[in-house]
Amino acid sequence: MMRTKGLSPLIASVLLIAIVIVIGTLTLDWSTAIHSTLGGSVKNKTGTCTTAAVVIDRVYLDLNGSVGRIIARNSGFDDDSITGASIVTTKGLTSTNLTAFPIAMARGMQTTLTVNTSGIITACTNFSRAYVTTSCGVSAEYGIGESPTCTN
């Protein structure tokens with residue numbers, strides 16, 4: 008009579024299945040915890056931003072005062088808030104903000120955003136573009152084919 012050494016194939020299969028189930032359960036618990044932690048800060052803006060829009064009506068440059076003024080208007084059907092504004096020169100230099108952000112913008116509201124253009128815009132021809140961004144991810148651009156109103 009011959010004795011077999013080791014596990015029988017049936018017991019080995021049962022142990023293998025049990026190990027796979029335990030590892031799968033641990034992995035599922037871990038991934039659920041990761042997704043709930045990271046996904047907790049994700050918010051859907053679709054409901055509140057579907058008809059958000061902003062436009063830049065005018066840009067004024069005070070060359071002696073080294074100040075730029077961007078007149079922005081909420082032209083959409085949703086309330087929004089402006090989170091940033093800048094003026095860019097033809098050399099790619101960007102202005103610094105003098106306005107504190109964010110600025111709440113009700114539907115149809117217009118506001119003046121002030122930026123520091125000291126040392127970057129010395130002539131009206133240095134102006135390239137003006138940008139405004141909002142919390143809904145909407146942005147407006149003023150520049151291509153448009154000239155600012157410049158004063159000395």
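What the sequence shown shows, in this note's numbering, is residues 8 to 159, in sequence order.
Glycine is no exception: its CB is placed at the ideal position from the N, C-alpha and C atoms.
Paired residues, beta bridge with residue i - DSSP
i: A147; result: V139
i: T158; result: D69
i: F134; result: T96
Whole-angstrom distance between residue j and residue i, CA atom to CA atom
i: D87; j: S43; result: 28 Å
i: T121; j: V145; result: 19 Å
i: I26; j: K12; result: 22 Å
i: I24; j: T34; result: 15 Å
i: T103; j: I30; result: 54 Å
Same chain only: Cβ atoms within 7 Å of residue i, ignoring 5 sequence neighbours per side
i: F84; result: T58, R114
Residues near residue i by beta carbon distance below 6 Å, same chain, minus five either side
i: P155; result: V66, L68, F134
i: S82; result: A60, V62
i: Q117; result: R80
Residues of its chain near residue i, where Cβ-Cβ distance is below 8 Å and the 5 sequence neighbours each way are ignored
i: E153; result: V66
Could you tell me whether the region 104-112 touches the region 132-139, where touching means 3 or more Cβ pairs closer than 8 Å? no
How about the region 75-95 and the region 25-41: do they share at least three Cβ pairs that are nearer than 8 Å? no
Please give me, in chain order, every unbroken run of the alpha helix (DSSP H) with length at least 4 that falls completely inside the region 8-93. 16-46, 53-56
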